[in-house]
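Right, one structure below, let's go through it.
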Amino acid sequence: MSITEKDVSYVADLANLELTADERTRLAHDLSSILDYIGRLNELDTAAVPPMAQISDRFGTPATSGSERFAYARRADAAAPSLAHDEALRNAPGADDTFFKVPKVIEK
């Protein structure tokens, strides 16, 4: 896939970034290279590769037993109490009865 300088300018404008002509040229080349590499990765047959959360078993908490050096740090995906709606709004610098009030940042 090819990214043009026009594409880079469009995204830079959306992000309110000012880029020089050299930066646009370099970013167009770099982004095109990245997308080409991702395209090559998409061609790989990964059917026999098991899904994983980490690329190494060295990440996580120390194992309590067994031959593994580390066991994955996991916790149950369970709902936990959080701030009440009114308490969260009370901590905000600006709010009305329902929403946080923030300054306008998008003009377009």
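Here the numbering used here is used: the first residue of the sequence shown is 1, the next is one more, and so on. In this text, a Cβ means the ideal position worked out from N, Cα and C, and glycines have one as well. Given the structure is predicted, the values throughout are model-derived calculations rather than measurements.
Extent of the continuous alpha helix (DSSP H) to which residue i belongs
i: Glu87; result: His85 to Arg90
i: Val11; result: Glu5 to Leu14
Proximity below 8 Å, CB of residue i to CB of residue j
i: Glu43; j: Arg24; result: no
i: Leu35; j: Met1; result: yes
i: Val8; j: Ala28; result: yes
i: Phe100; j: Leu83; result: no
DSSP three-state assignment for residue i, whether helix, strand or coil
i: Ala95; result: strand
i: Ser67; result: Bear in mind that the predicted position of Ser67 carries a pLDDT of just 47, short of 50, making it too unreliable to give a figure here.
i: Leu44; result: coil
i: Pro81; result: coil
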